[in-house]
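Sequences listed follow chains A and B, in order.
Be aware that the first sequence starts at 1, since it is given in the UniProt record's numbering, and climbs by one per residue.
Be aware that the second sequence starts at 1, since it is given in the UniProt record's numbering, and climbs by one per residue.
There are 2 protein chains.
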Amino acid sequence: MPTLDLAASSPDITRAICDIPSVSDDETALADAIYEVMLAQPHLQVYRDGDTIVARTELGRAQRVAIAGHIDTVPINDNLPTRDIEIEGEPFIWGRGTVDMKSGLAVQLKLAVELTDPRVDVTWLWYDHEEVDADLNGLTRLARTRPDLFAADFAILGEPSLAGVEGGCNGNLRAIVRTKGVRSHSARSWIGENAIHGASAVLQRLTHYRAAEVNVDGLDYREGLNAVRISGGIAGNVIPDVCEVEVNYRFAPHLNGAEAEAHVRSVFEGFEVEVTDLAEGARPGLDAPLAQDFVAAVGSEPRPKYGWTDVARFSAMGVPAVNYGPGDPHLAHHDEERVSVAQIESVERGLRAWLTQR
Amino acid sequence: MPTLDLAASSPDITRAICDIPSVSDDETALADAIYEVMLAQPHLQVYRDGDTIVARTELGRAQRVAIAGHIDTVPINDNLPTRDIEIEGEPFIWGRGTVDMKSGLAVQLKLAVELTDPRVDVTWLWYDHEEVDADLNGLTRLARTRPDLFAADFAILGEPSLAGVEGGCNGNLRAIVRTKGVRSHSARSWIGENAIHGASAVLQRLTHYRAAEVNVDGLDYREGLNAVRISGGIAGNVIPDVCEVEVNYRFAPHLNGAEAEAHVRSVFEGFEVEVTDLAEGARPGLDAPLAQDFVAAVGSEPRPKYGWTDVARFSAMGVPAVNYGPGDPHLAHHDEERVSVAQIESVERGLRAWLTQR
Chain A
1 MPTLDLAASS PDITRAICDI PSVSDDETAL ADAIYEVMLA QPHLQVYRDG DTIVARTELG
61 RAQRVAIAGH IDTVPINDNL PTRDIEIEGE PFIWGRGTVD MKSGLAVQLK LAVELTDPRV
121 DVTWLWYDHE EVDADLNGLT RLARTRPDLF AADFAILGEP SLAGVEGGCN GNLRAIVRTK
181 GVRSHSARSW IGENAIHGAS AVLQRLTHYR AAEVNVDGLD YREGLNAVRI SGGIAGNVIP
241 DVCEVEVNYR FAPHLNGAEA EAHVRSVFEG FEVEVTDLAE GARPGLDAPL AQDFVAAVGS
301 EPRPKYGWTD VARFSAMGVP AVNYGPGDPH LAHHDEERVS VAQIESVERG LRAWLTQR
Chain B
1 MPTLDLAASS PDITRAICDI PSVSDDETAL ADAIYEVMLA QPHLQVYRDG DTIVARTELG
61 RAQRVAIAGH IDTVPINDNL PTRDIEIEGE PFIWGRGTVD MKSGLAVQLK LAVELTDPRV
121 DVTWLWYDHE EVDADLNGLT RLARTRPDLF AADFAILGEP SLAGVEGGCN GNLRAIVRTK
181 GVRSHSARSW IGENAIHGAS AVLQRLTHYR AAEVNVDGLD YREGLNAVRI SGGIAGNVIP
241 DVCEVEVNYR FAPHLNGAEA EAHVRSVFEG FEVEVTDLAE GARPGLDAPL AQDFVAAVGS
301 EPRPKYGWTD VARFSAMGVP AVNYGPGDPH LAHHDEERVS VAQIESVERG LRAWLTQR
């Protein structure tokens, strides 16, 4: 089993934990290493469920903050082990997971061990299966088995946010828009009715759709409605009777799930629409006192988060939550994923300062 | 091994050989049974290559006719064993293969055995793998290994033609029309360029396309241009960078392959087009003296054949060829495939009359 040296610098910890591959469903080696270190910390109470590890201080503080990060990554594509590279004179760590989100995780692991006397009680949550179906997400499991562990006055997700504070997140809806026809032999196509041709109108609505930008609690959320998959066809000589377009609607957090679904159904009125996945967004949550205090401490102008993150899960449980982590979210899942060393250090400084100020 | 009783009526032979399943790639049981019977006929010289069987008379006649049929079917879909049904008072045999084309095959097998002294020499060809890729077709193999066996003055394919004569066939072209984009995370779709949305214009051209009807040598061939498959998409959270539309162009036999390809490329001008399969059609071939004689003997007004059949193979080898078989081609590959008993008997009468008249 690999051993973690959390006395190392947070960039060094980033390198070390990226070089322990942990693609979704294969997180156990990394989870074991984290669990071993945390069990050895007298100031932490440690709980493990599968590859999700929760470490809590129990200092009797008036307030509690949840700080969370997922330990899995999307599949490796020839981009491990990590390498040190330089871009315009600045040092970066390159490789799978450096942005999403092992650099943020590295800072959290380091501070969990070092900050034995934080100003608030802290619940550290490190979880598996974030990059796959929400059903598999370690936090989904934990919310079912130990909802008490989510109790907090404020939550910080370590998702990449350019070392700034990104408030809330867009919601995420997936639906199948289905066209139907009548199957026939393609040599006598006039007997049938081509469902793929029928999908032409679906794609036209998508190409003509103009995505909105919506201001929610002072932050501008940019939406998107896109086809992410299309499939149809039985054989090379058959007029197909079904075509499916999977669409993905990323909606600003002014809409709840039902409103988002109604919007998608109205866009595709006249077609069969089956919603297959729906995760509500999260309003920024920046009006909470601890949030304002946090933003002031880290000295960053809050921005909206476009991607769905687990902040929505905390938000839905009544816990205001923000994203705060090193790395450019545009580079998440990218084959050339790389994180600025300066941003890792900045996030470490910001979190440390806020957690230790009196 | 099943044994064939070719003294039975042609409808009974149809029932018997349909009930020996012979889905493409699984024709050996039926081929074995045919081979065994033919080997026992003193008036036939029999050649076998895989599951293709060739049986020839060698009577020294001035002319030779090739009469051919495939022995495979498309997959069974709960439509075997055969059943006798009645439609508007007329008897039909229902089940996979009854139309395409074991009823035509039954007539051929029966006559091959019974007509020991035909007016022309006959080359009977029964072949495998017609319902799958042309590369696998038994006639493709035979044309490579024994092209001499195709030598004939006229050819008749037993493909379903409502017991009438269907001349020539449309050509068949398949191509991939490909759109490209730029991949990105769907939470920030404005960074990418959606290739599925790009395919909207491809589908629009298909929906606006008006297929031609073309008169060739007196017969009207109806064309068709259709999407038969569409695929695109990487994952539910990724803007896809490629979308492929497979199109199928059924073209009248006034065009050769190069002309058909040029037409498809012009329809999809501006898009990447990759031709993946191209089989030229066949002109009706009804001006050949033997063809005129045949049409007169069977007393049927010739019609065009829309579907591609192996008549094109004979046509390309300089042998005029027609389709003549029982069954409604619209029911080929249909789950409710069924053939009129009267049509089986009519084709038997027609072929028998023509082959025995002096």
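By construction, the Cβ of each residue, glycine as well, lies at the ideal position given by its N, Cα and C atoms.
Check your understanding: Which runs of the beta strand (DSSP E) spanning at least 3 residues fall entirely within the stretch 241 to 328 of chain A, listed in chain order?
Key -> Unbroken beta strand (DSSP E) runs of no fewer than 3 residues, entirely contained in the stretch 241 to 328 of chain A, are found at 242 to 251, 272 to 279, 321 to 324, following chain order.
Point to revise | 3-residue-minimum beta strand (DSSP E) runs that sit fully inside the stretch 45 to 73 of chain B, ordered along the chain | key: Under the rule that a run must span 3 or more residues, the beta strand (DSSP E) segments found entirely inside the stretch 45 to 73 of chain B read 45 to 49, 52 to 56, 64 to 70.
**Study point:** Cutoff 9 Å: arginine 188 of chain A Cβ touching any chain B Cβ
**Key:** For this step, residue 188 of chain A is matched to residue 188 along the first sequence. It does; some Cβ of chain B falls within 9 Å.
**Study point:** is_contact[serine 103 of chain B, chain A] using C-beta, thresh 9 Å
**Key:** For the purposes of this step, residue 103 of chain B is taken as the residue at position 103 of the second sequence. Judged by the 9 Å Cβ criterion, serine 103 of chain B is not in contact with chain A.
Check your understanding: Mind checking glutamine 45 of chain B: buried by the 16 CB within 10 Å criterion, or exposed?
Key -> By 1-based counting over the second sequence, the position of residue 45 of chain B is 45. The residue in question, glutamine 45 of chain B, is exposed, as its Cβ has fewer than 16 Cβ neighbours within 10 Å.
Point to revise | Inter-residue CB distance, glutamate 280 of chain A and glycine 257 of chain A (contact presumed, cutoff 8 Å) | key: For the purposes of this step, residue 280 of chain A is taken as the residue at position 280 of the first sequence. For the purposes of this step, residue 257 of chain A is taken as the residue at position 257 of the first sequence. Going by Cβ atoms, the distance from glutamate 280 of chain A to glycine 257 of chain A rounds to 5 Å, so yes, they are a contact pair.
Point to revise | Buried versus exposed, by CB contacts within 10 Å (16 or more), tryptophan 94 of chain A | key: Position 94 of the first sequence, counted from the start, is the residue given in the question as residue 94 of chain A. Tryptophan 94 of chain A should be labelled buried.
Check your understanding: Are there three or more Cβ pairs, one per stretch, closer than 8 Å when the stretch 338 to 354 of chain A is compared with the stretch 261 to 278 of chain A?
Key -> no
Review point. Isoleucine 239 of chain B touches chain A at which residues, Cβ-Cβ below 8 Å?
Key: Within the second sequence, numbered from 1, the residue matching residue 239 of chain B stands at position 239. Simply Asn226, Val228.
Review point. Is it buried or exposed for lysine 102 of chain A, if we count other Cβ within 10 angstroms and need 16 for buried?
Key: Translated into positions along the first sequence, residue 102 of chain A becomes position 102. Within a 10 Å sphere around the beta-carbon of lysine 102 of chain A sit 16 or more other beta-carbons, which makes this residue buried.
Point to revise | Span of the alpha helix (DSSP H), counted from its first residue to its last, around lysine 110 of chain B | key: The residue given as residue 110 of chain B occupies position 110 in the second sequence. Start and end: 103 to 114.
Review point. Any idea if alanine 66 of chain B is buried or exposed, counting beta-carbon neighbours within 10 angstroms, 16 or more meaning buried?
Key: Against the second sequence, residue 66 of chain B aligns to sequence position 66. So alanine 66 of chain B counts as buried.
Check your understanding: How long is the line joining the alpha carbons of valine 339 of chain B and glutamate 90 of chain B, rounded to whole angstroms?
Key -> By one-based count along the second sequence, residue 339 of chain B stands at place 339. By one-based count along the second sequence, residue 90 of chain B stands at place 90. Taking the Cα positions, valine 339 of chain B is about 10 Å away from glutamate 90 of chain B.
Practice item. Please state if the CB of valine 311 of chain A and the CB of glycine 270 of chain A are separated by a distance shorter than 9 Å. Key: As a working note, residue 270 of chain A is residue 270 in the first sequence. As a working note, residue 311 of chain A is residue 311 in the first sequence. Going by C-beta atoms, glycine 270 of chain A is not nearer than 9 Å to valine 311 of chain A.
Check your understanding: Secondary structure at threonine 356 of chain A, three-state DSSP: helix, strand or coil?
Key -> Translated into the one-based positions of the first sequence, residue 356 of chain A becomes position 356. Helix at threonine 356 of chain A.
Practice item. With a threshold of 8 Å, establish whether the CB of isoleucine 156 of chain B neighbours any heavy atom of the ligand ADP. Key: The ligand ADP is absent from the structure shown, which contains no ligand whatsoever.
**Study point:** Under the three-state DSSP convention, the category valine 202 of chain B falls into
**Key:** Position 202 of the second sequence holds residue 202 of chain B. Reduced to three states, the DSSP call for valine 202 of chain B is helix.
Review point. Given that a residue counts as buried once 16 or more other Cβ atoms are within 10 Å of its Cβ, and exposed if not, what is glycine 60 of chain A?
Key: Translated into positions along the first sequence, residue 60 of chain A becomes position 60. Exposed: under 16 other Cβ atoms inside 10 Å.
Point to revise | For alanine 291 of chain B and proline 320 of chain B, believed in contact at Cβ under 8 Å, the rounded distance | key: In the second sequence, residue 320 of chain B corresponds to position 320, counting from 1. In the second sequence, residue 291 of chain B corresponds to position 291, counting from 1. That pair is a contact at about 5 Å.
Practice item. Using the DSSP secondary-structure output, state which residues sit across from tryptophan 94 of chain A in a beta bridge. Key: One-based indexing of the first sequence puts residue 94 of chain A at position 94. In DSSP, tryptophan 94 of chain A forms a bridge with A:Arg83, A:Arg338.
Practice item. Under the assumption that valine 242 of chain B contacts arginine 178 of chain B (Cβ atoms under 8 Å), give the Cβ distance between them as a whole number of angstroms. Key: Working through the second sequence from its first residue, we reach residue 242 of chain B at position 242. Working through the second sequence from its first residue, we reach residue 178 of chain B at position 178. Going by Cβ atoms, the distance from valine 242 of chain B to arginine 178 of chain B rounds to 7 Å, so yes, they are a contact pair.
Exercise for review: Give the DSSP bridge partners of aspartate 121 of chain B, in chain order.
Suggested key: Residue numbering aside, residue 121 of chain B sits at position 121 when the second sequence is read from its first letter. Paired residue(s): B:Arg64.
Review point. From the beta carbon of serine 161 of chain B, is the nearest beta carbon of chain A less than 9 Å away?
Key: Looking up residue 161 of chain B in the second sequence gives position 161. Output row for serine 161 of chain B: interface = no.
Point to revise | Interface partners of arginine 250 of chain A on chain B, CB under 8 Å | key: Taking the first residue of the first sequence as position 1, residue 250 of chain A is located at position 250. The answer, in chain order, is Ser186, Ala187, Ser189.
Point to revise | Contact set between tyrosine 306 of chain A and chain B, taken where Cβ atoms lie within less than 7 Å | key: Taking the first residue of the first sequence as position 1, residue 306 of chain A is located at position 306. Ala187, Arg188, listed in chain order.
Exercise for review: Could you have a look at threonine 179 of chain B and say whether DSSP puts it in helix, strand or coil?
Suggested key: Walking along the second sequence from the start, residue 179 of chain B turns up at place 179. In the structure shown, threonine 179 of chain B sits in a strand (DSSP, three-state: E or B).
Point to revise | Contact belief for histidine 197 of chain B with leucine 206 of chain A at Cβ below 8 Å, rounded distance in angstroms | key: The sequence position of residue 197 of chain B within the second sequence is 197, counting from 1. The sequence position of residue 206 of chain A within the first sequence is 206, counting from 1. Indeed, because the Cβ distance is near 5 Å, the residues count as touching under 8 Å.
Check your understanding: Helix, strand or coil for leucine 162 of chain A per DSSP?
Key -> Locating residue 162 of chain A in the first sequence gives position 162, counting from the first residue. Note: leucine 162 of chain A maps to coil in three-state DSSP.
Review point. Taking C-beta to C-beta, are alanine 31 of chain A and proline 2 of chain A nearer than 9 Å?
Key: Start at 1 with the first residue of the first sequence, and residue 31 of chain A comes out as number 31. Start at 1 with the first residue of the first sequence, and residue 2 of chain A comes out as number 2. In this structure, proline 2 of chain A does not lie closer than 9 Å to alanine 31 of chain A by Cβ.
**Study point:** Given glycine 97 of chain A as reference, the closest of A:Ile87, A:Lys110, A:Leu111, A:Asn79 once Cα atoms are compared
**Key:** Residue 97 of chain A sits at position 97 when you count from the first residue of the first sequence. Ranking A:Ile87, A:Lys110, A:Leu111, A:Asn79 by Cα distance to glycine 97 of chain A puts A:Asn79 first.
Exercise for review: Look at the Cβ atom of serine 200 of chain A, then the Cβ atom of serine 231 of chain B, and state whether they are nearer than 9 Å.
Suggested key: As a first step, residue 200 of chain A must be located in the first sequence, where it is residue number 200. As a first step, residue 231 of chain B must be located in the second sequence, where it is residue number 231. Cβ atoms of serine 200 of chain A and serine 231 of chain B: not closer than 9 Å.
Point to revise | Cβ distance (whole Å) where aspartate 51 of chain A is taken to contact glutamate 130 of chain A below 8 Å | key: As a working mapping, residue 51 of chain A is identified with position 51 in the first sequence. As a working mapping, residue 130 of chain A is identified with position 130 in the first sequence. So it is not a contact: roughly 11 Å between Cβ atoms.
Review point. Among A:Gly192, A:Trp124, A:Phe251, A:Pro329, which one has its Cα closest to the Cα of leucine 162 of chain A?
Key: The residue given as residue 162 of chain A occupies position 162 in the first sequence. It is A:Pro329 whose Cα lies nearest to the Cα of leucine 162 of chain A.
Practice item. Closer than 8 Å by C-beta to glycine 236 of chain A: which residues in its own chain qualify, once you throw out the five before and the five after it? Chain order, please. Key: As a first step, residue 236 of chain A must be located in the first sequence, where it is residue number 236. Ser186, listed in sequence order.
Point to revise | tyrosine 221 of chain B - containing beta strand (DSSP E), residue span | key: For this step, residue 221 of chain B is matched to residue 221 along the second sequence. Element bounds for tyrosine 221 of chain B: 219 to 222.
Practice item. Counting only the same chain and skipping the five closest in sequence on each side, list residues whose C-beta sits under 7 Å from that of valine 202 of chain B. Key: Locating residue 202 of chain B in the second sequence gives position 202, where the first residue counts as 1. Closer than 7 Å at Cβ, skipping near neighbours: Val177, Thr179, Val245, Phe268, Phe271.
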